[in-house]
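Numbering-wise, the sequence shown is residues 34 to 104 according to my numbering. The C-beta atom is built at its ideal place from N, Cα and C for all residues, glycine as well. Just so we're clear, the structure is a prediction, and the values are computed from it rather than from any experiment. These notes are about the structure you will find just below.
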Amino acid sequence: MVEHIRSATKARVLMLIEITLIFFMLFTFLTLGNILVGIYAWIFIISLLLWVLLFIVTVKLFLKTKRIKPE
Numbered sequence: 034m035v036e037h038i039r040s041a042t043k044a045r046v047l048m049l050i051e052i053t054l055i056f057f058m059l060f061t062f063l064t065l066g067n068i069l070v071g072i073y074a075w076i077f078i079i080s081l082l083l084w085v086l087l088f089i090v091t092v093k094l095f096l097k098t099k100r101i102k103p104e
C-alpha cells in the first residue's frame, strides 16, 4: 500500500514539473522567438516534443497507479 501511494505521489510531482517546464519553454520561445534561429530552433522544438512525450508517459504511469487497488 505504501508503494502505491509513493508511485502516485511521484507521478503527480512529475506531472507538475513537466507542466511547469512546458510552459516555461513556450514562454521562452514566444519571448525569444526572433532570436532563436537555425539549429537552436530545431533543438528547441525537439526538446519541446520530448517534454510532451514524457508528459504522456507520466500520465500513463499515474493512471496505472490509479487502476491498481491497494491491498
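Sufficient close CB pairs (3 or more, under 8 Å) joining the region 57-65 to the region 35-45: A contact between stretches requires three or more CB pairs, one per stretch, nearer than 8 Å, and the region 57-65 fails this requirement with the region 35-45.
Lys99 versus Ala44: straight-line alpha-carbon distance, rounded: One-based indexing of the sequence shown puts residue 99 at position 66. One-based indexing of the sequence shown puts residue 44 at position 11. Taking the straight line from one Cα to the other gives about 10 Å.
Reduced DSSP secondary structure (H/G/I, E/B, other) of Leu65: As a first step, residue 65 must be located in the sequence shown, where it is residue number 32. Looking at Leu65 - three-state DSSP - the assignment turns out to be coil, as it is neither helix nor strand.
C-alpha distance - Leu54 paired with Trp84, whole-angstrom precision: Counting from one through the sequence shown, the residue named residue 54 turns up at place 21. Counting from one through the sequence shown, the residue named residue 84 turns up at place 51. When rounded, the distance between both Cα atoms is 8 Å.
Cβ neighbours of Ala41 in the same chain (closer than 6 Å, five flanking residues each side left out): Taking the sequence shown and counting its residues from 1, one reaches residue 41 at position 8. Excluding sequence neighbours, Ala41 sits near Thr98.
Beta-carbon spacing of Leu94, Glu51 below 9 Å: The sequence position of residue 94 within the sequence shown is 61, counting from 1. The sequence position of residue 51 within the sequence shown is 18, counting from 1. Their beta carbons are not under 9 Å apart, which means Leu94 does not touch Glu51 by this criterion.
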